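If you count by this note's numbering, then the sequence shown holds residues 4 to 499, one letter each, in order. Note that CB positions come from ideal geometry on N, CA and C, so glycine has one too. Bear in mind that the values here come from a model prediction, so they are computed numbers and not experimental data. Structure first, then comments.
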Amino acid sequence: MTEVNVNTAYYTERYRPQFHFSPERNWMNDPNGMVYYDGEYHLFYQYHPHSTQWGPMHWGHAVSKDLVTWEHLPVAIEPDANGMVFSGSAVVDWNDTSGFFNGGHGLVAIFTQADTYPDSDRPRQRQSLAYSIDSGRTWEMYKGNPVLSDTEITDFRDPKVFWHKETQKWVMIIAAGQSVRIYTSRNLIEWEFASSFGEMEGSHAGVWECPDLFLLPLDEAKNSYKWVMIVSIGDDPSYKEGSRTQYFIGDFDGKTFINENSPDTILWLDHGRDNYAGVSWSDVPVEDGRKIYIGWMSNWRYANETPTSEWRSSMTLPRELSLKTTCEGIRITQKPVKELQKLRGIQTTLLGQNINDVVKLSELDSNTFELIAEFEPGLSSGFGFHIHSASDEKVTIGYDMDLQQIFIDRSNAGENSFHTDFACKHGVELSSGNTVKFHIYLDHSSVEVFMNDGEKVLTDLIFPQQGKKDIVVYSLNGVATLKSLCLYPLRRIWQK
Ligand code: FRU
């Protein structure tokens with residue numbers, strides 16, 4: 004009989020995500036260089052191959068054909084004489100504007116190299132290129148690196164590059180202190196300053212990092228578009244939220260971005276604590292047309308201390324971004340990519356049930372699941388779900404009618420002693436209207452909550468006891484109606 008070599012221990016360590024991307028071993032932070040090329044979604048990431056703590060950064064690498072299952076590949080880009088390899092992006096140079104591809108096409112990565120000025124300990128951050136002629140399997144550092152530097156700006160990093168059809172130029176958006184700068188280029192090598200954006204705009208609760216800039220259709224119309232700028236904001240001890248991500252909506256002419264909201268409007272992409280440094284995939288085919296985003300599912304406040312041992316950190320689920328006119332104005336909505344539906348096991352449904360106090364759902368033999376539910380608030384003052392991992396341990400995902408808020412309470416959701424700021428309850432306003440819709444994904448160490456078709460999203464890490472989960476539906480001080488509920492166990496994506 005042929006023996007099938009199935010390594011059952013693979014990806015079963017305590018807290019190991021079962022359907023999220025995480026590196027096999029060691030430290031990971033930001034997603035980098037996400038590009039679709041030749042049938043593969045590439046995901047590079049900030050990686051320290053020698054430790055589970057942040058350190059000299061390399062680009063780790065994985066590929067996927069469906070954004071669900073991933074194949075790990077060797078480290079793609081390593082530090083060299085120009086320094087560590089910080090965050091950045093990758094594009095397909097279809098027309099060989101760079102001259103790297105002998106008239107053909109290939110991948111170009113544009114990233115920050117970090118070191119210090121000669122004979123000094125002042126940090127230096129300069130932008131470099133590497134290219135690949137074999138679908139990202141091997142990379143050549145460009146001999147003329149760095150291609151962009153600025154001796155005045157200390158925090159000058161995380162270039163995101165895209166092709167701007169109307170001006171026939173490459174555009175780079177890059178973080179510069181507490182603003183972003185925009186540069187343009189014809190060949191990815193020589194860059195010309197175009198504009199800067201951000202002074203007095205949005206949140207300045209920390210250094211600006213990992214920007215992105217892209218066009219999205221408004222309300223799924225094919226004739227109305229807006230430009231969206233994403234900017235991550237570093238951790239600052241004066242704010243309890245730690246690191247998080249804001250966005251702006253407006254217009255862009257190839258050189259300058261104009262914010263259409265007042266400068267003091269602050270729009271947060273995610274209202275949980277653990278979604279940072281996310282950007283979008285480049286070169287997704289036009290026929291597909293989606294803007295697909297992934298974030299790093301952690302927070303600089305405690306990222307180095309989370310209670311995992313072999314590896315540290317994972318990514319959020321890949322999400323499709325859209326723009327929608329809501330009662331608060333035009334907002335980004337997010338939904339998990341549809342490919343994830345293939346992980347669903349046998350569905351359990353409930354229809355039209357009045358919830359008075361608590362109702363425990365039937366036993367699930369999986370501890371990773373997707374839960375979709377719609378409530379009519381009725382006379383209740385709050386409703387939602389407790390997900391118990393032990394009798395005295397639960398995470399609550401609930402709606403508070405008085406505050407008109409959706410919240411996650413992870414104050415007693417498992418291990419939390421590694422950082423004093425980890426245990427918390429936090430929420431965001433969401434108008435209840437006639438119904439409130441929940442879409443929840445639970446993995447071994449995270450919960451992602453997409454409310455009202457992704458109008459408000461909360462992403463949180465949790466470190467519960469592993470094993471069976473009990474899902475309890477609750478309503479407080481009166482009856483709420485659970486109009487419908489669908490529960491799917493989710494299959495794991497990791498097999499060796
Ligand atoms: C964001 C960040 C980036 C930087 C990278 C270093 O999380 O601080 O600004 O390029 O991480 O790992």
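Subject >> Exposure label - Thr5; buried when at least 16 CB within 10 Å >> reply: If you number the sequence shown from 1, residue 5 lands on position 2. Below a pLDDT of 50, predicted positions are generally treated as unreliable, and Thr5, at 40, falls in that range; no measurement from the model is reported.
Subject >> Exposure label - His447; buried when at least 16 CB within 10 Å >> reply: Position 444 of the sequence shown, counted from the first residue, corresponds to residue 447. That one is buried.
Original post:
Given Met454, which residues of its chain have a CB within under 8 angstroms of its CB, disregarding the five upstream and five downstream residues?
Top reply: As a working mapping, residue 454 is identified with position 451 in the sequence shown. So the qualifying residues of the chain are Ile409, Leu433, Val439, Lys440, Phe441, His442, Val460, Leu461.
**OP:** Just grab the DSSP bridge partners of Cys489 for me.
**Re:** Residue mapping note: residue 489 aligns to position 486 of the sequence shown, counting from 1. According to DSSP, Cys489 bridges with Thr352, Ile375.
Original post:
What residues are listed by DSSP as bridge partners for Asn357?
Top reply: Residue numbering aside, residue 357 sits at position 354 when the sequence shown is read from its first letter. Beta-bridge pairing links Asn357 to Thr484.
Original post:
If we call anything under 8 angstroms between Cβ atoms a contact, is Ala112 one with Ile136?
Top reply: Position 109 of the sequence shown, counted from the start, is the residue given in the question as residue 112. Position 133 of the sequence shown, counted from the start, is the residue given in the question as residue 136. No, the pair does not count as a contact, with Cβ atoms beyond the cut-off.
Original post:
Rounded to a whole number of angstroms, what is the C-alpha to C-alpha distance between Tyr44 and Ala306?
Top reply: Against the sequence shown, residue 44 aligns to sequence position 41. Against the sequence shown, residue 306 aligns to sequence position 303. Using only the alpha carbons, I get a separation of about 26 angstroms.
Subject >> CB contact flag (His370, Lys471, <8 angstroms) >> reply: Along the sequence shown, one-based indexing puts residue 370 at 367. Along the sequence shown, one-based indexing puts residue 471 at 468. Looking at the sequence provided, one finds Asn at residue 370 rather than His. Yes, they are a contact pair.
**OP:** Under 8 angstroms by Cβ, that's how I've got Gly281 and Ile297 pegged, so tell me the actual separation to the nearest angstrom.
**Re:** Looking up residue 281 in the sequence shown gives position 278. Looking up residue 297 in the sequence shown gives position 294. About 6 angstroms; that satisfies the 8 angstroms criterion.
**OP:** Can you tell me the Cβ-Cβ gap for Arg160 and Ile177, rounded? I've got them flagged as a contact below 8 angstroms.
**Re:** Along the sequence shown, read from residue 1 onward, the residue named residue 160 stands at position 157. Along the sequence shown, read from residue 1 onward, the residue named residue 177 stands at position 174. Between Ile177 and Arg160 the Cβ distance is about 7 angstroms, and since that is below 8 angstroms, they are a contact.
Original post:
Counting only runs that start and end within the region 71-148, where is the beta strand (DSSP E) found for 3 or more residues in a row?
Top reply: 74-80, 87-96, 109-119, 126-135
**OP:** Work out the CA separation of Gly245 and Trp211 for me, nearest whole Å.
**Re:** Residue 211 sits at position 208 when you count from the first residue of the sequence shown. Residue 245 sits at position 242 when you count from the first residue of the sequence shown. So the alpha carbons of these two residues sit roughly 13 angstroms apart.
Original post:
Under the three-state reduction of DSSP, which class applies to Asn8: helix, strand or coil?
Top reply: Taking the sequence shown and counting its residues from 1, the one referred to as residue 8 is at position 5. Residue confidence for Asn8 is low, a pLDDT of 49 falling below 50, so the modelled location carries little weight; the figure read from the coordinates is stated next. Coil.
Subject >> Which residues DSSP lists as bridging Leu46, in chain order >> reply: Sequence index remark: in the sequence shown, residue 46 carries index 43 (1-based). Note: Leu46 sits in a beta bridge opposite Ala65.
Original post:
What does Ala393 pair with, by DSSP beta-bridge criteria?
Top reply: Start at 1 with the first residue of the sequence shown, and residue 393 comes out as number 390. Partner(s): Glu396.
**OP:** Report yes if the C-beta distance between His422 and Glu308 is below 8 angstroms; otherwise report no.
**Re:** Mapped onto the sequence shown, residue 422 falls at position 419. Mapped onto the sequence shown, residue 308 falls at position 305. Cβ atoms of His422 and Glu308: closer than 8 angstroms.
Subject >> Buried versus exposed, by CB contacts within 10 Å (16 or more), Val7 >> reply: As a position in the sequence shown, residue 7 is number 4, starting the count at 1. With a pLDDT of 46 at Val7, under the threshold of 50, the modelled position of that residue is not reliable, and the figure given next carries that caveat. Classification for Val7: exposed.
Original post:
Could you check where the beta strand (DSSP E) with Asp215 kicks off and where it finishes?
Top reply: As a first step, residue 215 is located in the sequence shown; it is residue number 212 there, counting from the start. It spans 211-220 - the beta strand (DSSP E) in which Asp215 sits, taken as one unbroken run.
**OP:** Report, in whole angstroms, the separation of the C-beta atoms of Ser285 and Phe165, which I expect to be a contact under 8 angstroms.
**Re:** By one-based count along the sequence shown, residue 285 stands at place 282. By one-based count along the sequence shown, residue 165 stands at place 162. Contact flag correct, Cβ pair sits at about 6 angstroms.
Original post:
Leaving out the 5 sequence neighbours to the left and right, which residues in its chain are closer than 7 angstroms to Leu320 when beta-carbon positions are compared?
Top reply: Against the sequence shown, residue 320 aligns to sequence position 317. The residues are His23, Pro339, Leu343, Tyr444, Glu451.
Original post:
Going by other Cβ atoms of all chains shown within 10 Å of its Cβ, with 16 needed for buried, is Gly3 buried or exposed?
Top reply: One cannot answer for residue 3 here, as it falls past the ends of the chain, which runs 4 to 499.
Original post:
Quick one, which of Cys213, Pro266, Phe217 has its alpha-carbon nearest Asn278's?
Top reply: For the purposes of this step, residue 278 is identified with residue 275 of the sequence shown, where counting begins at 1. Cα-wise, what sits closest to Asn278 is Cys213.
Original post:
Quick one: does the C-beta of Ser90 sit closer than 7 angstroms to a heavy atom of the ligand ADP?
Top reply: Inclusion of the ligand ADP in the displayed structure is not the case, the ligand content consisting of the ligand FRU alone.
Original post:
If you draw a straight line from the alpha carbon of Tyr250 to that of Ile295, how long is it in whole angstroms?
Top reply: Locating residue 250 in the sequence shown gives position 247, counting from the first residue. Locating residue 295 in the sequence shown gives position 292, counting from the first residue. If you take the alpha carbons of Tyr250 and Ile295, they lie about 15 angstroms apart.
**OP:** Determine the direct distance from the alpha carbon of Asn85 to that of Ser152, and round the result to whole angstroms.
**Re:** On the sequence shown, residue 152 is found 149 positions in, with the first residue counted as 1. On the sequence shown, residue 85 is found 82 positions in, with the first residue counted as 1. If you take the alpha carbons of Ser152 and Asn85, they lie about 12 angstroms apart.
Subject >> Inter-residue spacing [alpha-carbon to alpha-carbon] between Thr100 and Asp33 >> reply: Taking the sequence shown and counting its residues from 1, one reaches residue 100 at position 97. Taking the sequence shown and counting its residues from 1, one reaches residue 33 at position 30. Rounded to whole angstroms, Thr100 to Asp33 spans 28 angstroms at the Cα level.
**OP:** Could I get the ranges of all uninterrupted beta strand (DSSP E) runs contained in the region 239-306, with 3 residues as the minimum, in chain order?
**Re:** 247-255, 260-262, 279-283, 294-299
Subject >> Gln116 Cβ short of 7 angstroms to the ligand FRU heavy atom set >> reply: Within the sequence shown, numbered from 1, the residue matching residue 116 stands at position 113. No, Cβ of Gln116 sits at least 7 angstroms from all heavy atoms of the ligand FRU.
Subject >> Leu151 - DSSP class collapsed to helix/strand/coil >> reply: Along the sequence shown, read from residue 1 onward, the residue named residue 151 stands at position 148. Strand.
**OP:** Determine the closest residue to Arg28 out of Gly457, Leu76, Thr72, Leu70, with distance taken between C-alpha atoms.
**Re:** Residue mapping note: residue 28 aligns to position 25 of the sequence shown, counting from 1. Of the listed residues, the one whose Cα sits closest to Arg28 is Leu76.
Original post:
Where Gly436 and Thr399 are concerned, what is the direct C-alpha to C-alpha distance, given to the nearest angstrom?
Top reply: To locate residue 436, count along the sequence shown from 1; it is residue 433. To locate residue 399, count along the sequence shown from 1; it is residue 396. Whole-angstrom Cα-Cα distance: 21 angstroms.
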